[in-house]
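Numbering-wise (UniProt numbering), the sequence shown opens with residue 1 and increments by one. Inspection log for the structure reproduced underneath, given as C-alpha cells.
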Amino acid sequence: MGTLTVRETITYSAQLRLPSNLTRSDVDEIVENVMMEMGLQECGDHLIGNWHLRGISGGEKKRLSIALENLTQPRLLFLDEPTSGLDSAAAYFVVHVLKNAALCGRTVVSSIHQPSSEVFALFDDLCLLSSGETIYFGEAKWAVEFFADSGFPCPNRRNPSDHFLRSINSDFDHVTETLIGSQRIKDPRESSGSTVYLPTSEIRARLLQKYRYSKYASRTKSRAQEMSSLQKGFAIEDELGGNQARWWVQLVTLIRRSTKNMSRDFGYYWLRIIIYLIVSTSVGTVFYNVGTNHSAVLARGACGGFISGFMSFMSIGGFPSFIEEMKIFYKERRNGHYGVGLFILSNFISSLPFLALMSFSSAAITYHLARFHPGFFHFIYAVIMLLSSIAVIESCMMVVASFVPNFTMGLVIGAGVIGLMMASSGFFRLLPELPKVFWRYPVSYVNFMSWALQGAYKNDMLGLEFDAMNVGEPKLTGEGIITRILGLSVAHSKWWDLAVVIAILISYRLLFFIVLKFREGALPYVHHLHTKTTLHRISKRASFRKTPSFATSKRHHHVINSLSSQEGLNSPIN
C-alpha cells in the first residue's frame, strides 16, 4: 500500500504470517533483520508512494518485495524479472542481495531479461529459453564456452547476455528486415566480403541440437541425479514457512492496516466526505425550510429521492482506491497469507467509521436545513438509512471489482448498474406504474433504492399534515399521500424497509465472497488448460521431433560461421 511506510509494510506482513506465539519484540527483531539484509534501513520510515504520494525508488520497491517474502525464511524463492525497470546500480544491488540469500542456503530461481555483465557474473546457473525451448541449462560460467563450441563465440568486449539474446531472439530478424526495407542499413547479404547470414531460427535449431548431446547437458543431468539422491537421505523441515498466525490476529492486523490506509489516502474517503458536505449544504439550501404547504409534498419527495439515489450514487468515487487494495489482496491471497472472509470482514469494519462520519455529517446538514420531520429518532433513522445505502453501493462496486479489475471499465459498469437501480426505484416512475414484467417483478424488489425511498417517505411524512390544494379543503395526511399519491403501502413500518436494505447489503457481501471463492477455484483449471494448450502447440515444433529439422533455404548451404564475423552486419542499431 502506497500510504504505508516500508517498516509498517514489513511489520504488518510479519504479523499476518509469523506464529502468534512470537512476542512483539521478536517480531520487531525479525523485521529489522530483514530490512538490514535487504538494505532498507535508510528508507524504513519513508512512504512507499502511489499516484499522488511521492515514495521510495523502484529499486527499493523491488527489495521491499523480496523482503516481504524473506520474512518466513523460505527455502525456495521464485522471482519474475526483479531487475526490470531499474538502473544498472539498482539492478546489481538487487541481484547481489539474491546472491547472498543463495549463499545462505536458499534456492533462488529468477527470470531476468538482458542483465549487465556485472549482474551476469553473479549467476550460479543459467537456463536460456527461446519460444519455450531450452537452449542451454547448466552452470552460467560454461555458457560462453558452449556457444563457442557450437560455432557462435561471444566477441570480445560484448556482454555475454547480449550475445545470447542476439543469437536466439527472433525479434532481431524482424527488426533487421524492417530496417533493410526502409534502407536504414545495408543488406548484409549484399555487402562486399560479408560472411554467411544466419537467421535466428537456424541458429536456435543448431544450438538445440548441439546441446542435447553435449557435455554440458550431461553435467546438468549428473548434478540433478546427485541432488535427487541426496534429497532422499534428508528430511527438510519448514522453519517459518506458510501462514501460522491465528485468524483473530490476522483480522485485527488487517483492520489496523486497512484503517491506516483509508485514513492516509486522501482519495479513499476524505475527498468524498468533503464532496458530500458540499452537496449536502447545496441540497439543504435548495430545500431550505421546505414546510408543509401543498407544494412541499413534491419538494419533500424530490429531496428524499435525491438523498436515496444520487447521494448514495456518489459513493462509487472510492472505486479506484478499492481496486488498488484488491490488487494487494490477490497477491497476498495467492501466497496464502489469509482467507477471503477475513479480507471482506476487515474491509467492512475498517470502512464503517468513515461511512458513519460521511452519513452523519451529510444527514445532519440536509435534515436540519430542510427541516424534515422533527424528532431525534427520525433523524437517527435518516442517518442509518443513508449509511446502509452507501454501504450497499460500496458492496455492489466490490462485486463489480471482482469481475472487472480495471477501474475505468469498473466505473462505467458500476455506474450503469446503479443507473438501472435508480430507474426502478420508484422516484422517476411510481412503483405501481412500473411494467410488471422484469421492472416491477423482480427488479424493484431486489433493488435497495426502492426500499430506501419507501423508508425515507415514511420517516418524513407519516405523522405530518399538509395543506390542501384549494383553500377550505381538509388537510392531507402523510399516510394518505403515501398510499394515494405515491402508491406505496403502509402495512409494514419504515424499520422493515431499513431491514430489507441491510439484508441486501449482507447479500452483496456474500455475493462478493462467493465470486472471489469461485474465481479462486476456477483459476487453476484455467491455468491448467492454458498450459496444456501451450505444451501441445510446442510439441508440434520441429525441435521436439526425433529427427532434427533445420530451417532450409537455397542460400544456406555453407559452413557455420561465428557471429563475431557477422558483428555489425545485421545489428538493428547500425
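Just so you know, even glycine gets a beta-carbon here, dropped at the ideal spot from N, CA and C.
>> Alpha carbons only, please: which of Asn159, Ser395, Val500 and Gly480 is nearest the one belonging to Tyr445?
In response: Taking the first residue of the sequence shown as position 1, residue 445 is located at position 445. Among Asn159, Ser395, Val500 and Gly480, the Cα nearest to that of Tyr445 belongs to Val500.
> Fully enclosed by the UniProt domain "ABC transporter" (5–84), which alpha helix (DSSP H) runs are 4 residues long or longer?
Replying inline: Counting whole runs of 4 or more residues, the UniProt domain "ABC transporter" (5–84) contains the alpha helix (DSSP H) stretches 6–17, 24–38 and 58–70.
> Smallest Cα separation from Thr285: which of Lys215, Thr366 and Gly55?
Replying inline: Taking the sequence shown and counting its residues from 1, the one referred to as residue 285 is at position 285. With distances taken between Cα atoms, Thr285 lies closest to Thr366.
> Do Leu516 and the ligand GTP come close, with the Cβ less than 6 Å from some heavy atom?
Replying inline: Among the components modelled here there is no ligand, and therefore nothing to report on the ligand GTP.
> When we look at the beta-carbon of Pro115 and count the other beta-carbons within 10 Å, is it buried (16 or more) or exposed?
Replying inline: Translated into the one-based positions of the sequence shown, residue 115 becomes position 115. It counts as buried.
> Using the beta-carbon count (16 or more within 10 Å), is Ala296 buried or exposed?
Replying inline: Locating residue 296 in the sequence shown gives position 296, counting from the first residue. By the 10 Å Cβ count, Ala296 comes out buried.
> Which residue spans inside the segment 297–337 form an unbroken alpha helix (DSSP H) run of at least 4?
Replying inline: Within the segment 297–337, complete alpha helix (DSSP H) segments of at least 4 residues are found at 319–334, given in chain order.
>> According to DSSP, is Pro127 part of a helix, a strand, or is it coil?
In response: Locating residue 127 in the sequence shown gives position 127, where the first residue counts as 1. The question names Pro, but residue 127 in the sequence shown is Cys. In the structure shown, Cys127 sits in a strand (DSSP, three-state: E or B).
> By Cβ distance below 8 Å, which residues in the same chain neighbour Asn361 in space, the five residues on each side in sequence not counted?
Replying inline: By one-based count along the sequence shown, residue 361 stands at place 361. A quick correction: the sequence has Ser, not Asn, at residue 361. Excluding residues within five positions, the ones whose Cβ falls inside 8 Å are Ile273, Tyr276, Leu277 and Ser280.
> Is the number of C-beta pairs between the segment 319–330 and the segment 386–406 that are closer than 8 Å three or more?
Replying inline: Yes, the segment 319–330 touches the segment 386–406.
> Within 10 angstroms of its Cβ, does Pro19 collect 16 or more other Cβ (buried), or is it exposed?
Replying inline: Position 19 of the sequence shown holds residue 19. Flag for Pro19 reads exposed.
> When the distance is taken between beta carbons, is Val119 closer than 7 Å to Val95?
Replying inline: Against the sequence shown, residue 95 aligns to sequence position 95. Against the sequence shown, residue 119 aligns to sequence position 119. Taking 7 Å as the Cβ cut-off, Val95 and Val119 qualify as a contacting pair.
>> What does the Cβ neighbour count give for residue 592, buried or exposed, with the cut at 16 atoms within 10 Å?
In response: For the chain, the structure presents residues 1 to 574; residue 592 sits outside this window and is missing.
>> Please return the same chain residues whose Cβ sits closer than 6 Å to the Cβ of Met358, not counting the five positions on each side in sequence.
In response: Indexing the sequence shown from 1 puts residue 358 at position 358. For Met358, where only same-chain residues beyond five positions count, the Cβ hits under 6 Å are Ile273 and Tyr276.
>> Checking 7 Å against the spacing of the C-beta atoms, do Tyr381 and Asn293 come in under that value?
In response: Taking the first residue of the sequence shown as position 1, residue 381 is located at position 381. Taking the first residue of the sequence shown as position 1, residue 293 is located at position 293. Result no, Cβ atoms of Tyr381 and Asn293 do not sit closer than 7 Å.
> Taking DSSP as the reference, what is the three-state secondary structure of Thr292?
Replying inline: The residue you call residue 292 lines up with position 292 of the sequence shown. In the three-state scheme derived from DSSP, where H, G and I count as helix and E and B as strand, Thr292 is classed as coil.
> Is it right to say Thr23 is buried, meaning 16 or more other beta carbons lie within 10 angstroms of its own, or is it exposed?
Replying inline: One-based indexing of the sequence shown puts residue 23 at position 23. Counting the other Cβ atoms within 10 Å of the Cβ of Thr23 gives fewer than 16, which makes it exposed.
> Buried or exposed: Ser489, going by 16 or more other Cβ atoms within 10 Å of its Cβ?
Replying inline: Start at 1 with the first residue of the sequence shown, and residue 489 comes out as number 489. Burial call: exposed.
> Helix, strand or coil for Tyr213 per DSSP?
Replying inline: If you number the sequence shown from 1, residue 213 lands on position 213. Here Tyr213 carries a coil assignment [DSSP, helix/strand/coil].
> Starting from Gly284 and walking both ways along the alpha helix (DSSP H), at which residues does that stretch end?
Replying inline: For the purposes of this step, residue 284 is taken as residue 284 along the sequence shown, with counting starting at 1. Residue range Leu271 to Val286 is occupied by the alpha helix (DSSP H) that includes Gly284.
> Taking Cβ to Cβ, would you say Ala140 is nearer than 7 Å to Asp125?
Replying inline: As a working mapping, residue 140 is identified with position 140 in the sequence shown. As a working mapping, residue 125 is identified with position 125 in the sequence shown. Contact: yes.
> Nearest CA to the CA of Leu271: which residue from Met314, Met1, Gly336 and Phe372?
Replying inline: Position 271 of the sequence shown holds residue 271. Cα-wise, what sits closest to Leu271 is Met314.
>> Tell me the residue span of the alpha helix (DSSP H) that contains Tyr136.
In response: Walking along the sequence shown from the start, residue 136 turns up at place 136. Run containing Tyr136: none in the alpha helix (DSSP H); it sits in the beta strand (DSSP E), Glu133 to Glu139.
> Would you call the segment 63–70 and the segment 2–19 in contact, with 3 or more CB pairs under 8 Å?
Replying inline: Yes: the two stretches touch, three or more of their Cβ pairs being nearer than 8 Å.
> Are at least three pairs of beta-carbons, each pair with one atom in the segment 511–519 and one in the segment 458–472, less than 8 Å apart?
Replying inline: The segment 511–519 makes no contact with the segment 458–472, as fewer than three CB pairs between them are under 8 Å.
> From Ala148, Arg371, Lys331 and Leu505, pick the residue whose C-alpha is nearest to that of Ile393; which is it?
Replying inline: Taking the sequence shown and counting its residues from 1, one reaches residue 393 at position 393. Leu505 is the residue among Ala148, Arg371, Lys331 and Leu505 whose C-alpha sits nearest the C-alpha of Ile393.
>> Applying the 10 Å Cβ sphere with the 16-neighbour rule, what's the burial state of His528?
In response: Numbered from 1 along the sequence shown, position 528 holds the residue referred to as residue 528. With fewer than 16 Cβ atoms within 10 Å of its Cβ, His528 is classed as exposed.
>> I believe Phe319 touches Gly414 by the beta-carbon criterion, under 8 Å. Please report the beta-carbon distance rounded to the nearest angstrom.
In response: For this step, residue 319 is matched to residue 319 along the sequence shown. For this step, residue 414 is matched to residue 414 along the sequence shown. Indeed they touch by this definition, with Cβ atoms about 6 Å apart.
>> Suppose you measure from the CA of Ile255 to the CA of Ser321; what does that come to, to the nearest Å?
In response: By one-based count along the sequence shown, residue 255 stands at place 255. By one-based count along the sequence shown, residue 321 stands at place 321. Rounded to whole angstroms, Ile255 to Ser321 spans 16 Å at the Cα level.
> Between the C-alpha atoms of Thr259 and Leu355, what's the straight-line distance to the nearest angstrom?
Replying inline: By one-based count along the sequence shown, residue 259 stands at place 259. By one-based count along the sequence shown, residue 355 stands at place 355. Cα to Cα, the separation comes out at about 12 Å.
> At what residues does the alpha helix (DSSP H) containing Val119 begin and finish?
Replying inline: Here residue 119 is taken as the residue at index 119 of the sequence shown, counted from 1. Start and end: Ser117 to Phe120.
> What is the residue span of the alpha helix (DSSP H) that Ser362 lies within?
Replying inline: Walking along the sequence shown from the start, residue 362 turns up at place 362. Note, Ser362: alpha helix (DSSP H), Val340 to Ala370.
> Among Asp149, Gly138, Arg219 and Ile307, which residue has its Cα nearest to the Cα of Met422?
Replying inline: The residue given as residue 422 occupies position 422 in the sequence shown. When only C-alpha atoms are compared, the closest one is Ile307.
>> Assuming Ser489 is part of the alpha helix (DSSP H), what are its boundary residues?
In response: Stepping through the sequence shown from its first residue, residue 489 is reached at position 489. Note, Ser489: premise wrong, no alpha helix (DSSP H); not H, not E.
>> Which of the three DSSP states is assigned to Thr3 in this structure?
In response: Here residue 3 refers to the residue found at position 3 of the sequence shown. Here Thr3 sits in coil by DSSP.
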